[in-house]
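Asker: Have a look at the structure that comes next, please.
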Amino acid sequence: MNTAYLCSESRLTGRRPSETSKTSPGFRLSIGAWLLILLAAWWLPGPAAWALIQWSQTVQLEEDFTVPAGETLVVQPGTTVTIAAGCHIFVSGTLQAVGTPTERIRFTRPEGESGRWKGIRLSNTTTDNLIAYADIDWAEDQAGSIGLSYSRLEVHHVGWSGSKRRLIFTNHSSLYVHDCVFPDRFGPDEAPGPDDDNIVEDIKGNDILAGGQVLIEANVFGTNKGHNDIIDFSGPTRPGPILEVVGNLFHGSGDECLDLGGDAHIEGNVFLHVHKDQYNNSTGQANAISTGDDEVEGVVTCIRNLFYDIDYVIDLKKDTYLYFVHNVVAKIPPDAADPVRQYSAINFVIPDREPPGKGAYLEHNIFWDIPRRIFSHVDEGEHGEPFATDLRMHYCLVPPGLAQTTVAARPGTIMDLGVGNLAGDPRFADPNNGDFHLRSQAGRWDPAGRGWRFDPVTSLGVDTGNPGTPPTSEGGDPDNVRINLGLYGGTDQASRSPAGWGLLADINNDGLVNLGDFRRLAAAWRDAGMELPADLDRDGRVLLPDLLKLANDWGRKTAWSPE
């Protein structure tokens with residue numbers, strides 16, 4: 002699959018430029034001020050307390066090197082630092098290793114040696130530590146090629162090679178990792194060894210420094226094999242800072258891309274080719290996301306992610322709740338012979354192993370090429386006992402073959418899990434080559450040609466979202482009255498609507514504004530809240546103006562409704 006991953010808006014680091022102090026012309030210091038300066042010069046620490054260590058060209062370390070508190074190590078662009086086997090670079094002061102795109106910094110072992118050094122360790126340093134445009138080769142340790150504890154660090158445009166252990170390990174720290182390339186952890190014909198179980202990870206961490214962040218943004222993650230996660234993070238819950246994974250590309254895993262505990266925000270990522278492989282001997286399964294590693298009621302929010310060619314999207318465990326909005330899930334395999342591996346998008350229980358997740362709220366998603374089921378183990382406890390899963394699904398598009406399937410022992414079909422669900426072909430532009438824009442006769446965005454292309458057909462995902470949700474940046478389309486489903490709904494790349502394609506008052510998406518929609522509006526009369534389906538004027542209340550809008554559409558059919 003040749004796909005360009007979704008990029009979210011770049012985030013600022015939040016740092017402010019330092020202000021230069023100024024004195025007005027003719028300003029003179031008084032005798033008392035001069036005495037204060039002389040006293041300060043005698044009492045305050047001398048220049049050694051702010052010592053600056055600079056490395057350039059080639060630096061050779063044959064033993065551990067420490068940057069003490071109060072000192073700063075600056076590594077100049079183009080510098081090569083060789084570190085002897087078994088040695089560390091310890092930082093309690095400040096590290097500024099900043100290369101350039103054409104003069105990268107390299108941390109590596111001495112030429113001709115076969116051992117591995119132990120990595121860079123930051124401890125109790127909350128200054129502005131930065132590693133950028135650098136390569137870290139042959140640094141291997143369970144505590145990470147880069148390890149930080151109660152510290153603050155930004156890492157960008159960094160690459161790694163030569164390690165079969167964790168690349169970054171963060172403990173109670175603030176970490177911003179962006180625009181990095183993480184390598185395939187094993188070669189095409191290479192198998193994990195007996196000591197490689199659950200330890201060959203790209204990023205491992207727990208908890209976040211107060212006032213800090215752990216933001217993993219716009220990186221490319223190579224493949225992994227066996228029982229090894231790509232990112233394994235646990236601990237943080239709201240109202241404090243939580244893990245954020247934004248705009249990354251994950252190329253594949255034999256276990257999990259994200260193994261989580263606590264709360265997390267996951268937005269704008271692409272997850273590809275996640276299948277339990279022959280080297281994974283765990284009793285679990287392979288998921289793009291797994292939850293519930295901590296004994297807390299975690300909340301995971303997934304927005305505008307693509308999940309393609311995977312066993313499971315997410316495994317919800319131990320009271321975790323999921324918000325799943327504007328995602329695309331495509332290409333889940335048929336069931337395996339093993340009865341435990343009954344593949345689905347969202348799984349709520351691993352039988353006889355983990356307690357169930359609390360539930361999930363879904364809206365504006367598209368599911369496609371899913372042969373058997375979207376949900377598994379709904380309303381089931383850990384050992385098969387009854388459990389009330391809080392499951393709601395609104396305004397989602399499902400494959401026609403699943404429209405009549407049931408969910409556990411619930412009355413009705415999967416379509417009755419909420420309002421406005423549709424069954425049909427999403428008519429993606431070119432899914433095999435990573436283009437999941439929706440086809441439209443009125444125009445859909447072509448990322449390759451950077452323009453609008455007109456199709457002979459229009460997707461059911463166009464203009465059929467929640468009537469109470471503002472289309473926001475879709476507003477440039479005069480025929481657009483409702484938000485689109487899928488990845489691009491509510492964005493400036495949303496496919497345009499043919500005239501009459503969607504009707505605002507067709508609340509239940511049956512193609513006709515009639516008594517069924519009136520019942521929906523009557524049931525919500527005088528309700529207040531955000532994005533209520535019957536709130537047709539989107540003012541936060543269901544009142545007379547909404548009834549008037551329904552009356553205005555009364556008896557009309559959508560362009561897509563059956564004759």
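In case it helps, my numbering puts the sequence shown at residues 2 to 564. Just so it is clear, CB atoms sit at the ideal spot from N, CA and C, and this is done for glycine as well.
Is it buried or exposed for Phe455, if we count other Cβ within 10 angstroms and need 16 for buried?
Answerer: Exposed, by the Cβ-count rule.
Asker: Mind checking whether Leu533 and Val543 have CB atoms under 8 angstroms apart?
Answerer: Contact: yes.
Asker: Have a look at Glu112 and Phe368 and give me their C-alpha separation to the nearest angstrom.
Answerer: When rounded, the distance between both Cα atoms is 52 angstroms.
Asker: For Ile304, list the residues DSSP reports as bridge partners.
Answerer: Bridge partners of Ile304: Glu268 and Val326.
Asker: Compute the beta-carbon to beta-carbon distance between Asn422 and Met394, rounded to the nearest angstrom, for a pair I have assumed lies under 8 angstroms.
Answerer: 6 angstroms between Cβ atoms; contact.
Asker: Measuring straight from C-alpha to C-alpha, what distance separates Gly556 and Asp507?
Answerer: Approximately 10 angstroms between the Cα atoms of the pair.
Asker: Could you work out which residue in Gly419, Gln442, Val420 and Leu418 is closest to Phe429 when comparing CA atoms only?
Answerer: Of Gly419, Gln442, Val420 and Leu418, the residue nearest in Cα terms is Gln442.
Asker: Which one or two residues does DSSP pair with Thr109 in a beta bridge?
Answerer: Thr109 is bridged to Thr83.
Asker: From which residue to which residue does the beta strand (DSSP E) around Asn288 run?
Answerer: Residues Asn288 to Ser291.
Asker: Please classify Arg584: is it buried, with 16 or more other beta-carbons within 10 angstroms of its beta-carbon, or exposed?
Answerer: Outside the displayed range of the chain (2 to 564) lies residue 584, so it cannot be described from this structure.
Asker: In or out: Pro546 buried (at least 16 other Cβ within 10 Å) or exposed?
Answerer: Its Cβ having fewer than 16 others within 10 Å, Pro546 is exposed.
Asker: The beta strand (DSSP E) that contains Gly360, what's its start and end?
Answerer: Gly360 to Glu364 is the extent of the beta strand (DSSP E) around Gly360.
Asker: Under the rule that 16 or more other beta-carbon atoms within 10 Å means buried, what is His384, buried or exposed?
Answerer: Classification of His384: exposed, given that the 10 Å Cβ count is below 16.
Asker: Answer yes or no: do Asn207 and Asn229 have a C-beta to C-beta separation smaller than 8 angstroms?
Answerer: For Asn207 and Asn229, no; Cβs fall outside 8 angstroms.
Asker: Taking the beta carbon of Asp203 as the centre, do at least 16 other beta carbons fall within 10 Å, making it buried, or is it exposed?
Answerer: By the 10 Å Cβ count, Asp203 comes out buried.
Asker: Gln1: buried (16+ other C-beta within 10 angstroms of its C-beta) or exposed?
Answerer: As shown, the chain starts at 2 and ends at 564. That puts residue 1 outside it, with no answer to give.
Asker: Leaving out five residues before and five after Leu307 in sequence, what residues of the same chain have Cβ atoms less than 6 angstroms from its Cβ?
Answerer: Val271 and Val329, listed in sequence order.
Asker: Determine, using beta carbons only, whether Asp480 and Ser498 come nearer to each other than 8 angstroms.
Answerer: Their beta carbons are under 8 angstroms apart, which means Asp480 touches Ser498 by this criterion.
Asker: For Gly223 and Pro335, I'd like the C-alpha separation in whole angstroms.
Answerer: Cα-Cα distance, rounded: 25 angstroms.
Asker: What is the residue span of the beta strand (DSSP E) that Leu131 lies within?
Answerer: Asn130 to Asp138 is the extent of the beta strand (DSSP E) around Leu131.
Asker: Going by C-alpha to C-alpha distance, which of Pro356, Gly444 and Pro102 sits closest to Tyr322?
Answerer: Selected option, being the one with the closest Cα: Pro356.
Asker: Between the alpha carbons of Leu516 and Asp528, how many angstroms are there, rounded?
Answerer: Going by the C-alpha atoms only, they are around 19 angstroms apart.
Asker: If I follow the unbroken beta strand (DSSP E) through Asn207, where does it start and stop?
Answerer: Its beta strand (DSSP E) spans residues Ile204 to Ile209.
Asker: By how many angstroms is the C-alpha of Val399 removed from the C-alpha of Ser377?
Answerer: Going from the Cα of Ser377 to the Cα of Val399 covers about 15 angstroms.
Asker: Please say whether Ile217 and Gly241 have beta carbons closer to each other than 8 angstroms?
Answerer: Cβ atoms of Gly241 and Ile217: not closer than 8 angstroms.
Asker: Determine the DSSP secondary structure at Ser345, reduced to helix, strand or coil.
Answerer: In this structure, Ser345 counts as strand in the three-state DSSP scheme.
Asker: Would you kindly check if the distance between the Cβ of Gly462 and the Cβ of Leu486 is under 8 angstroms?
Answerer: Yes, the pair counts as a contact, with Cβ atoms nearer than the cut-off.
Asker: Does the segment 285 to 303 come close enough to the segment 311 to 326 that 3 or more CB-CB pairs lie under 8 angstroms?
Answerer: At 8 angstroms Cβ cutoff, the stretches touch.
Asker: So, under 8 angstroms CB-CB, Tyr134 and Gly188 are touching, yes? Tell me the CB distance rounded to an integer number of Å.
Answerer: No, Tyr134 and Gly188 are not in contact; Cβ-Cβ is about 26 angstroms, not under 8 angstroms.
Asker: As a quick exercise: from Asn281, Gln279, Asp278 and Lys205, pick the residue whose alpha carbon is nearest that of Gly262.
Answerer: Measuring from the Cα of Gly262, the nearest candidate turns out to be Lys205.
Asker: Taking the alpha-carbon positions, what's the Pro237 to Val246 distance?
Answerer: Near 14 angstroms, if we compare the C-alpha coordinates of Val246 and Pro237.
Asker: Anyone know if the C-beta pair for Ala219 and Asp180 falls short of 8 angstroms?
Answerer: Yes. Within cutoff.
Asker: Kindly identify the DSSP beta-bridge partner or partners of Leu403.
Answerer: Per DSSP, none; premise fails for Leu403.
Asker: Among the candidates Gly120, Ala192 and Lys558, whose CA atom is the shortest distance from the CA of Asn281?
Answerer: Nearest C-alpha to Asn281: Ala192.
Asker: Thinking C-beta only, is Thr81 closer than 8 angstroms to Arg107?
Answerer: Going by C-beta atoms, Arg107 is nearer than 8 angstroms to Thr81.
Asker: Might you give, ordered along the chain, the residues of its own chain that have their beta carbon closer than 6 angstroms to the beta carbon of Ala144, omitting 5 neighbours on each side?
Answerer: Closer than 6 angstroms at the Cβ level, and outside the excluded window around Ala144, lie Phe170.
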